[in-house]
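S.K.: FYI, in mature numbering (1 follows the signal peptide of the UniProt record, and there is no 0) the residues of the sequence shown are -21 to -1, 1 to 489.
This is the structure I want to talk about, given as structure tokens.
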Amino acid sequence: MAGQSRRWMILVATVWIQAFTGTNFDFSSYSSELKAVMGISQLQLNYLAVASDLGKAFGWSCGLALLYLPLPIILLLAAALGLCAYGAQWLLITSRISLSYDPVFFLCFLAGLSICWFNTVCFVLCIRNFSSNRPLAISLTVSFNGVSAALYTLAARAIDGSPTTYLFLNAILPILTSLVALLLILRQPPAPYSYQTSAGDNRIFLILNVIAFLTGLYLLLLNSASLSHSTCRLLFAGALIILALPLGIPGIICGRELVKRAIYCCKELIFKDQLEVLGEEHGAKRLITRADFWLYYISYLCGGTVGLVYSNNLGQIAQSLGRQTQTAILVNIYSSCSFFGRLISAAPDLLDGKVRLARTGWLAVALVPMPFAFFVLAEVENGQALLAATALVGLSSGFVFAAAVSVTSELFGSLSFGVNHNIIITNIPLGSLLYGLLAALIYDDNDNEGRRRLRENLEIMGRHCYAKTFLAWACISLLGLACGVALCLRTRDAYKRATKPGGRRSLGEP
């Protein structure tokens, strides 16, 4: 019984970690100030965003570190990396220190690496403690990463709302959250424990997802309103209370469930036919020779990663459209919708066989809104279109980010997950570099043209700064959608064979 309750407490701890460590999502909130302080071009600023994403290319280092160091030490190291990276940037932006471009680039790299380490720690905790309900646990946990920007926006507004405050919070809040989460993580159940899926587990996940939905709605609605600092402080305290609510839910339901049935301890629940197709272990060499890997890699690269690059450029997009005052709102909408997208990624498991669609099929469906959103942005110039398209991109990319964790585990095995998934997400820095470079070059070219027109007293059409970029991103995301559909068609039979008559998946059980 103690082991059962402890694993739910660990899930709550991972939720807290994810909620306060998605610090890359508020880059647009202070990027313009950082650009002004350093006196750099848009292209150089783009490289700083790329540096943060580049840190994820070295996320495999966390998988290696976990082989030699205890998980709590890895968590503290991730927090220390973030403290140093964001703390130094805060000192720079407040003119307390002076740094050249290269050290700042390295600091952004460390910040991205710390985020990847946090994510890997959370994924490993979910996989170790929720073998039967792994996709549900991961989807819930990853969902809260999408609400980070909204939380940080509310916290910053509770202080003064300045760009420097965002960097200060980025440095402090993750390490404070890690210390609190450690109190729960250090009490995790013994390694030999494993649990059968029960109806009580599903009810707990359903309630936790309802709480998560209310959290996202709370932050979305309140962050969109004009409020005083004192009101924001009260609302931020309310958000913390909502995040603490899950602490009481598992104990209440587990207590009732455990009275009805004993704990079944099973070391293995393996269906050989299913494991031969889904959940089969793939080493790195075997992984990169699989066609399914490359279809998956390209669909991620040309799907979710495009959405991430879009979020990195929100500040400049709003500025080019003459809507600088809406930057915080756009960041909040993207973050909140990304959160909801991550939350919706649990649909295949919550529906529990009512809709027979492979998880790779859901992934393809999630990519549909993205090209549509970019085509709208390229052709329509008004505030409502910008808000709606930002919401669609956030939903789509959020779903991909969350679902990808489960897809990697299901297609290529869970034991190699720490390495395999970090190979998959090398597409993020690659895409950030390519797509961000494309956007920055087009932006700077239009910026130079705009200055020439100003000297000639001609009107500057703001939409043209990003129209070509939006069209390029739309075509790229169409390629991602095509690869996603191809991946679904290639794997749907495997998913059918891995589905029980009752419609419940049992994939990659350790």
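From the three backbone atoms N, C-alpha and C, an ideal C-beta is built for every residue, glycine too.
Model, not experiment: these values are computed from the prediction.
Would you mind giving the Cβ-Cβ distance between L460 and P327, rounded to the nearest angstrom? I have them listed as a contact below 8 Å.
M.R.: Contact doesn't hold; Cβ gap of about 18 Å is too wide.
S.K.: If you draw a straight line from the alpha carbon of T306 to that of L13, how long is it in whole angstroms?
M.R.: Straight-line Cα distance between these residues: approximately 15 Å.
S.K.: Measuring only the C-alpha atoms, how far is L412 from N25?
M.R.: 8 Å
S.K.: Write down the C-beta distance between S375 and L417 rounded to the nearest angstrom, noting that I regard them as a contact closer than 8 Å.
M.R.: Contact flag wrong, Cβ pair sits at about 19 Å.
S.K.: Going by Cα to Cα distance, which pick from Y65, L43, A15, S111 is closest to G1?
M.R.: Y65
S.K.: Return the CA-CA distance between S8 and T304, expressed in angstroms with no decimal places.
M.R.: Roughly 11 Å between the two C-alpha positions.
S.K.: Identify whether K246 lies in helix, strand or coil by the three-state DSSP scheme.
M.R.: Bear in mind that the predicted position of K246 carries a pLDDT of just 34, short of 50, making it too unreliable to give a figure here.
S.K.: Return the Cβ separation of L60 and W96 in integer angstroms, given the expectation that the two are a contact with Cβ distance under 8 Å.
M.R.: 7 Å
S.K.: Look up C281 in the DSSP assignment and say whether it is helix, strand or coil.
M.R.: Coil.
S.K.: Out of curiosity, what's the CA-to-CA distance linking A28 and C87?
M.R.: 7 Å
S.K.: Applying the criterion that 16 or more other CB atoms from any shown protein chain within 10 Å of the CB defines a buried residue, is T268 buried or exposed?
M.R.: In this structure T268 is exposed. Its beta-carbon is surrounded by fewer than 16 other beta-carbon atoms within 10 angstroms.
S.K.: With a threshold of 16 other CB atoms inside 10 Å of the CB of E358, please say whether the residue is buried or exposed.
M.R.: Flag for E358 reads exposed.
S.K.: Would you grab the beta carbon distance between L390 and Y289 for me? Rounded to a whole angstrom, and I think it's under 8 Å.
M.R.: Actually they are not in contact, since the Cβ atoms of L390 and Y289 sit about 27 Å apart, beyond 8 Å.
S.K.: In whole angstroms, give me the CA-to-CA distance for Q298 and A382.
M.R.: 32 Å
S.K.: Figure out for me which residue from G217, F396, R212, L187 has the closest Cα to the Cα of G227.
M.R.: L187
S.K.: In the DSSP assignment, find the unbroken alpha helix (DSSP H) run with E389 in it and report its ends.
M.R.: 362 to 391
S.K.: Measure from the alpha carbon of S31 to the alpha carbon of each residue in L71, D81, F85, then state which is nearest.
M.R.: F85
S.K.: So, is V189 buried or exposed, given that buried needs 16 or more other C-beta atoms within 10 angstroms?
M.R.: exposed
S.K.: Measuring CA to CA, which of S79, L92, G463 is closest to C63?
M.R.: L92
S.K.: Considering only their Cβ atoms, is the gap separating I407 from T387 smaller than 8 Å?
M.R.: Note that the C-beta distance between T387 and I407 is not below 8 Å.
S.K.: Of the choices I(-12), A134, L71, P49, whose alpha-carbon is the least far from that of G18?
M.R.: Out of I(-12), A134, L71, P49, the CA that lies nearest to the CA of G18 is found in L71.
S.K.: Can you tell which of Y47, T99, S141, A(-3) has its C-alpha closest to the C-alpha of F123?
M.R.: A(-3)
S.K.: Below 8 Å between beta carbons: does that hold for L146 and Q68?
M.R.: yes
S.K.: Name the two residues that bound the continuous alpha helix (DSSP H) containing K264.
M.R.: 263 to 266
S.K.: Please identify the residue among I183, G377, I296, V159 whose C-alpha is closest to the C-alpha of I323.
M.R.: G377
S.K.: How would you call Y80, buried or exposed, if buried means at least 16 neighbouring beta carbons within 10 angstroms?
M.R.: exposed
S.K.: Anyone know if the C-beta pair for D271 and L466 falls short of 8 Å?
M.R.: yes
S.K.: What's the gap between the Cα of E260 and the Cα of H400?
M.R.: 13 Å
S.K.: So what does DSSP say about L73, is it helix, strand or coil?
M.R.: First, the residue type needs correcting, since residue 73 is Thr and not Leu in the sequence shown. Residue state, collapsed to three classes: coil.
S.K.: Specify, as a first and last residue, the run of the alpha helix (DSSP H) that F319 falls within.
M.R.: Membership of F319 in the alpha helix (DSSP H) is indicated by the continuous run 306 to 323.
S.K.: Using alpha carbons as the reference points, say which of F215, L199, L56 lies closest to S315.
M.R.: Nearest of F215, L199, L56 to S315, Cα basis: L199.
S.K.: Just how far apart, CA to CA, sit L89 and S40?
M.R.: 12 Å
S.K.: Can you tell which of V379, S456, L336, T448 has its C-alpha closest to the C-alpha of Y474?
M.R.: L336
S.K.: For W(-6), which residues in the same chain have their Cβ closer than 6 Å to its Cβ, ignoring the five residues on either side in sequence?
M.R.: T156, A160
S.K.: So what does DSSP say about N108, is it helix, strand or coil?
M.R.: helix
S.K.: Pick helix, strand or coil for R136, following the three-state DSSP scheme.
M.R.: The three-state secondary structure of R136, taken from DSSP, is helix.
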